[in-house]
Amino acid sequence: AAAAPARAARPAPAAPARPAPRADDRPSRGNDRGSNDRGSKRDDDGGNRFAGQLHLSAADRARRGNNSNSRGRPAARGQQGRRGNEQSRGGSGSHGFERPTAPVVREVAIGETITVADLAQKLALKGGEVVKALFKMGVMATITQTIDHDTAALVTEELGHKAVRADSDDAEDALLAATGEEQGEAVQRPPVVTIMGHVDHGKTSLLDYIRRTKVAGGEAGGITQHIGAYHVETPKGVISFLDTPGHAAFTSMRARGAKLTDIVVLVVAADDGVMPQTKEAIQHARSAGVPLIVAINKIDKSGADPMRVKNELLGEQVVAEDFGGDIQMVEISAKAGTNIDALLDAISIQAELLELKAVDQGRASGVVIESSLDKGRGPIATVLVQQGQLKKGDYLVCGIQYGRVRALFDETGKQPDHAGPSIPVQVLGLSGVPDAGDDFVVVDDERLAKDVAQQRDTKRRESRMVQSAGSRMEDIMATLGKGNGQQVLNLVIKADVQGSVQALSQALVALSNEDIRINVIHSGVGGITESDANSAVASKATVIGFNVRADASARRIIEANGVDLRYFSIIYDVIDQVKQVASGLLGVEIREEIIGIAQVRDVFRSSKFGAVAGCMVIEGVVKRSKPIRVLRDSVVVFEGELESLRRFKENVEEVRNGTECGIGVKAYNDVKAGDQIECFERIEVPRTL
597 AAAAPARAAR PAPAAPARPA PRADDRPSRG NDRGSNDRGS KRDDDGGNRF AGQLHLSAAD
657 RARRGNNSNS RGRPAARGQQ GRRGNEQSRG GSGSHGFERP TAPVVREVAI GETITVADLA
717 QKLALKGGEV VKALFKMGVM ATITQTIDHD TAALVTEELG HKAVRADSDD AEDALLAATG
777 EEQGEAVQRP PVVTIMGHVD HGKTSLLDYI RRTKVAGGEA GGITQHIGAY HVETPKGVIS
837 FLDTPGHAAF TSMRARGAKL TDIVVLVVAA DDGVMPQTKE AIQHARSAGV PLIVAINKID
897 KSGADPMRVK NELLGEQVVA EDFGGDIQMV EISAKAGTNI DALLDAISIQ AELLELKAVD
957 QGRASGVVIE SSLDKGRGPI ATVLVQQGQL KKGDYLVCGI QYGRVRALFD ETGKQPDHAG
1017 PSIPVQVLGL SGVPDAGDDF VVVDDERLAK DVAQQRDTKR RESRMVQSAG SRMEDIMATL
1077 GKGNGQQVLN LVIKADVQGS VQALSQALVA LSNEDIRINV IHSGVGGITE SDANSAVASK
1137 ATVIGFNVRA DASARRIIEA NGVDLRYFSI IYDVIDQVKQ VASGLLGVEI REEIIGIAQV
1197 RDVFRSSKFG AVAGCMVIEG VVKRSKPIRV LRDSVVVFEG ELESLRRFKE NVEEVRNGTE
1257 CGIGVKAYND VKAGDQIECF ERIEVPRTL
C-alpha cells in the first residue's frame, strides 16, 4: 500500500521508448498497440497489402534476410523456390525449359450433340472464346446451349483443332450383336392386309362383316379414329387386317399402314367413285411397293355404277383384269355380305403369289401399330409381330421405352401364351407409351433393354433441344424484320391414342400462315392432368381433349384461370373450331368497298356553295354520309367528303344509278367536267385462316 503513492509520484516519460529486442531476436509486443507499426503501410515501404498474405515491416524483412537460424531458412527456401520458378518460366537457368512455339492441336471427340461449355472444356478454352467463334460463324448460342455435331465440328476446326465423331453407341452395338444371330428357318406366314379408302366408303363395315362383330356402328361420325388390328380365321387360312382412318388428316397413319402390310385392299363406293383419299391410298400402295386389290363396295345401292368406278380408276393407272390389267377388282356389299368370299379368295391368291415367309422361332421383333395409356393398366402398345415368338415375360426394347411383357391380349380380349409372325397383339408392361411406327425387339435381360432405351431417349432429347434452341442470326433478323405482326395460338393436345395425337398435331400446325402460327406446346396420350392444365395456364393455351376428359384437379385449375377447354370425338370438329379460335385472334380487317360512281358532266359556280358538279350516277349508289374520292384520268386527286347532295334543288341522302344530281365537294373547288366522283365505305371483315 505504501508503494502505490510512490509510483503515482513518479513523473511520466516524455515519449514511450521502443523496448529493446529480446534475446531470440523477436521484437516484443508493445503494450501500446498504436506504437507497434509492424505491417503498417508506412513501414512496408509503401507496398500494397493483400488479404491472405504475410505482411512484414522493413526491419523484419531486413533481419530475416540476414538471419541464418532455423526461422530464416524456410523463408530463404521459399525465395529460392520462387526465383527458380521465375527462371523456369523465363526459359533461363540450368533447370529451365523452352516455351513451345507451335500451338497445341487437340483431337476432340464430339457426339451427336454437345453443350458449348463442354466443348470449351475439351478445347481447353474459355467459354467466351467459343461463343465468340460461333457468333462469327453466324450461330447465336449461350454457354449452356446445346449445339449439333456439325456446328461443333466446324467451330472446332475454326479454332485450330481436329474434331472426330465420338462412338457412344455401345448399347446399340450390344443390341445388334445380341439380335443379329440367325434363329431358324423361314416358314410360310399369314398375309397382313390393310384396308384403305375414302371416308364412309365402308372400310370398317367390310372388316366388321369379316369378323362377324358389331364394331363399326360405334365409330363417331363414320371415322375410324385409329388403326385397328385384327387377325381372322377364315376358310382360306389366317389373315391379319389393319384398318386405317380415311380422313385427310391421317395421311401419316395411312402411310405407316402401307409400309407394314403385304396387300392393300382399296375400298371404293360404287355410288361415289374415286375420291381424294382414294387417290392418296393408291399413291401410298405404289410408294411402298405393295400389291393392290380393289373392293367396289355398296353395289346394292340404287346409284351404284361399278363400271364408272373402273373407268375412273383407269385414269389413276389402276387397270382391272377385265380391261387387260393385273389388278383384281371384286364387286361387294359389306352390308349384305355379297361376294365377301370372293374377296377373301382374291387375298389368298395374291398371298400365294407373294410367297410370304418369316422365322417363327426365337426372339421376336416387329413394329408398333398403335399405343395408348390406360388408367388402370398403364401404357398399352398394339404391336405386329414380324418374326419370332413374343411371349409373356420377355424383355423388350420399343423405341425409347423398355419393359417386361406382363400380359398379351388379342383383339377379343383373350390372353394368348404367345404371338407369332403376322399376328397383332396388345402388350402390357412397358415403361411408357411408345410412338406408333417404332420398332420393337426382344432382348436377353432388362439391363440391356434399359441401356438402349435410355441412350435413344438421350439422343432424341438432345436433337430436339438443338432444333428448338438453334436460332441462327438470320432467323433472328428475319423475325425482327417481320415485327410483331404474326399472332400465335398455343395448344395443348391430349388424345386417347398416340396415332391421333400425331395426326391432330400435324393437321393443326398445317393451318399456320404468315398471319398466325399454330404452336402445339404439349401433346400426349391419356386424360388431361393437372400438369397439362398448368402448362396451358402458363402459356395461355387452348386445351383440346380428343376422346379424353380432364380429371378433377385439372378442372379446378382450368375453371380458376379461365382456360379454354374443348372436348372432341370427331377430327372435322377439331379443325373447324381451331380455325374459328385462330380467326378470333386475327381480329378484323378494314376493307374499302366502292358503292357508287358519279360522272361529272358540268361544273356550276355558286357564291353560296362554291363549285357544284352536275353529275350522272353511272354505277351503284352515291350516299351523302359516305366518304368520296375525286378521280381524274383514273388517278385520285382528292379524298374527302360531300358537302351537299341535291336533286332538283332538294337535299337528298342518296342518289341511285342512272339519276342526275348536283354534288358539292367539301373543301375542294377544283372539280372539272370529265372527273369521276367515287363513293365508298369502310367495312370490317373478320379475318380467317
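Quick note on the numbering used here: the sequence shown kicks off at 597 and runs consecutively. For glycine and all other residues, C-beta sits at the position ideal for the given N, C-alpha and C.
Could you check the C-alpha separation between V1084 and D1128 for me, to the nearest Å? Stepping through the sequence shown from its first residue, residue 1084 is reached at position 488. Stepping through the sequence shown from its first residue, residue 1128 is reached at position 532. If you take the alpha carbons of V1084 and D1128, they lie about 19 Å apart.
So, at 8 Å on beta carbons, what are the nonlocal neighbours of I1153 in its own chain, with the 5 sequence-adjacent residues on each side left out? As a position in the sequence shown, residue 1153 is number 557, starting the count at 1. Cβ within range, chain order: E1126, A1129, N1130, V1133 and V1159.
Suppose only complete runs of 4+ residues qualify. What are the alpha helix (DSSP H) ranges in the segment 886-931, listed by chain order? 902-910
Count Cβ pairs between the segment 1170-1189 and the segment 1228-1238 that sit closer than 8 Å; are there 3 or more? no
Between the beta-carbon of H1014 and the beta-carbon of K971, is there less than 8 Å? Taking the first residue of the sequence shown as 1, we reach residue 1014 at position 418. Taking the first residue of the sequence shown as 1, we reach residue 971 at position 375. No, they are not a contact pair.
Option nearest K1262 by Cα separation, candidates E1274, I1224 and R1252: Here residue 1262 refers to the residue found at position 666 when the sequence shown is read from its first residue. Of the candidates E1274, I1224 and R1252, the one whose C-alpha sits nearest the C-alpha of K1262 is I1224.
For G642, which residues from the same chain have a beta carbon less than 6 Å from its beta carbon, with the 5 sequence-adjacent residues on both sides left out? Here residue 642 refers to the residue found at position 46 of the sequence shown. A caution first: G642 carries a pLDDT of 49, below 50, which makes its placement in the model unreliable, though a value can still be read off. The answer is none, since no qualifying residue turns up.
In terms of residue numbering, what span does the alpha helix (DSSP H) encompassing D867 cover? In the sequence shown, residue 867 corresponds to position 271, counting from 1. Neither: D867 is in no alpha helix (DSSP H) and is coded neither H nor E.
Which of helix, strand or coil does DSSP assign to D639? In the sequence shown, counting from the first residue as 1, residue 639 sits at position 43. Note that D639 has pLDDT 46, beneath the 50 cutoff, so the model's placement of it is unreliable and the number below is only indicative. In this structure, D639 counts as coil in the three-state DSSP scheme.
Under DSSP, the alpha helix (DSSP H) around H745 begins and ends at which residues? By 1-based counting over the sequence shown, the position of residue 745 is 149. Here the alpha helix (DSSP H) through H745 covers H745 to E754.
Since A1003 and Q1011 should fall inside the 8 Å C-beta cutoff, what is the C-beta to C-beta distance between them, to a whole number of angstroms? For the purposes of this step, residue 1003 is taken as residue 407 along the sequence shown, with counting starting at 1. For the purposes of this step, residue 1011 is taken as residue 415 along the sequence shown, with counting starting at 1. Contact holds; Cβ gap of about 6 Å.
Kindly identify the DSSP beta-bridge partner or partners of A1020. Translated into the one-based positions of the sequence shown, residue 1020 becomes position 424. Residue identity differs from the one stated: residue 1020 is Pro in this sequence, not Ala. Beta-bridge pairing links P1020 to L980.
On the criterion of 16 or more Cβ atoms from any shown chain inside 10 Å, does S1221 qualify as buried, or is it exposed? Your numbering for residue 1221 matches position 625 in the sequence shown. With fewer than 16 other Cβ atoms within 10 Å, it is exposed.
Looking at the secondary structure, which residues open and close the beta strand (DSSP E) in which V789 lies? Counting from one through the sequence shown, the residue named residue 789 turns up at place 193. First-last of the beta strand (DSSP E) with V789: V788 to G793.
In the DSSP output, what is E1277 paired with across the bridge? Start at 1 with the first residue of the sequence shown, and residue 1277 comes out as number 681. Its beta-bridge partners are E1189.
Can you check DSSP and say which residues form a bridge with L1004? Position 408 of the sequence shown holds residue 1004. Per DSSP, V1023.
Where does T978 land, buried or exposed, given buried means 16+ other C-beta within 10 angstroms? Here residue 978 corresponds to residue number 382 of the sequence shown, with the count starting at 1. T978 should be labelled buried.
Taking the Cβ atom as the reference point for each residue, do V890 and V914 lie within a distance shorter than 8 Å? To locate residue 890, count along the sequence shown from 1; it is residue 294. To locate residue 914, count along the sequence shown from 1; it is residue 318. Against a cut-off of 8 Å, the Cβ pair of V914 and V890 comes out as a contact.
Which listed residue (K906, G911, V712 and G756) has its alpha carbon closest to that of Q924: The count along the sequence shown starts at 1 and reaches residue 924 at position 328. The shortest C-alpha separation from Q924 is found at K906.
By the DSSP assignment, the alpha helix (DSSP H) with S1096 in it spans what residues? Indexing the sequence shown from 1 puts residue 1096 at position 500. Start and end: Q1094 to V1105.
Taking just the CA atoms, how far does E927 sit from F919? For the purposes of this step, residue 919 is taken as the residue at position 323 of the sequence shown. For the purposes of this step, residue 927 is taken as the residue at position 331 of the sequence shown. Cα-Cα distance, rounded: 15 Å.
Which value, in whole angstroms, describes the spacing of the CA atoms of T820 and V1218? Locating residue 820 in the sequence shown gives position 224, counting from the first residue. Locating residue 1218 in the sequence shown gives position 622, counting from the first residue. Low confidence applies here, because T820 scores a pLDDT of 37, under 50, leaving its location unreliable; read the following figure in that light. Whole-angstrom Cα-Cα distance: 56 Å.
How many Å lie between S883 and I859 at the Cα? Mapped onto the sequence shown, residue 883 falls at position 287. Mapped onto the sequence shown, residue 859 falls at position 263. Approximately 13 Å between the Cα atoms of the pair.
Report the residue from L1107, V700 and L1087 whose alpha carbon sits nearest the alpha carbon of G545. Not covered by the structure: residue 545. The range shown for the chain is 597 to 1285.
Three-way DSSP call (helix, strand, coil) for V1231 in this model: The residue given as residue 1231 occupies position 635 in the sequence shown. Reduced to three states, the DSSP call for V1231 is strand.
On the three-state DSSP scale, how would you describe G668? The count along the sequence shown starts at 1 and reaches residue 668 at position 72. At G668, the pLDDT of 44 sits below 50, so the modelled position is not reliable; the number obtained from the coordinates is stated separately. In the structure shown, G668 sits in coil (DSSP, three-state: anything other than H, G, I, E or B).
Out of D1047, D1031, A1269 and R1052, state which residue places its alpha-carbon closest to the alpha-carbon of V1121. Numbered from 1 along the sequence shown, position 525 holds the residue referred to as residue 1121. Per the Cα distances, D1031.
On the three-state DSSP scale, how would you describe D1160? In the sequence shown, counting from the first residue as 1, residue 1160 sits at position 564. Coil, per DSSP.
Secondary structure at I1171, three-state DSSP: helix, strand or coil? Taking the sequence shown and counting its residues from 1, the one referred to as residue 1171 is at position 575. Helix at I1171.
Buried or exposed, going by whether 16 or more other CB atoms sit within 10 Å of the CB of E708? One-based indexing of the sequence shown puts residue 708 at position 112. By the 10 Å Cβ count, E708 comes out buried.
Going by Cα to Cα distance, which pick from Y826, S961, G1016 and T747 is closest to S1059? To locate residue 1059, count along the sequence shown from 1; it is residue 463. Here the closest residue by C-alpha is T747.
Measuring only the C-alpha atoms, how far is E1188 from I1279? Locating residue 1188 in the sequence shown gives position 592, counting from the first residue. Locating residue 1279 in the sequence shown gives position 683, counting from the first residue. Approximately 6 Å between the Cα atoms of the pair.
Any idea if M1069 is buried or exposed, counting beta-carbon neighbours within 10 angstroms, 16 or more meaning buried? As a working mapping, residue 1069 is identified with position 473 in the sequence shown. Its pLDDT being 47, under 50, M1069 is placed unreliably by the model, and the measurement read from it follows with that caveat. The residue is exposed, with fewer than 16 neighbouring Cβ atoms inside 10 Å.
Consult DSSP for K1204 and reduce its assignment to one of helix, strand or coil. Translated into positions along the sequence shown, residue 1204 becomes position 608. Correct three-state label for K1204: coil.
V1023 beta carbon less than 8 Å from that of Y991: Numbered from 1 along the sequence shown, position 395 holds the residue referred to as residue 991. Numbered from 1 along the sequence shown, position 427 holds the residue referred to as residue 1023. No, these two residues do not count as a Cβ contact at 8 Å.
Going by beta-carbon coordinates alone, are A782 and V955 separated by less than 8 Å? Counting from one through the sequence shown, the residue named residue 782 turns up at place 186. Counting from one through the sequence shown, the residue named residue 955 turns up at place 359. A contact, by the Cβ cut-off of 8 Å.
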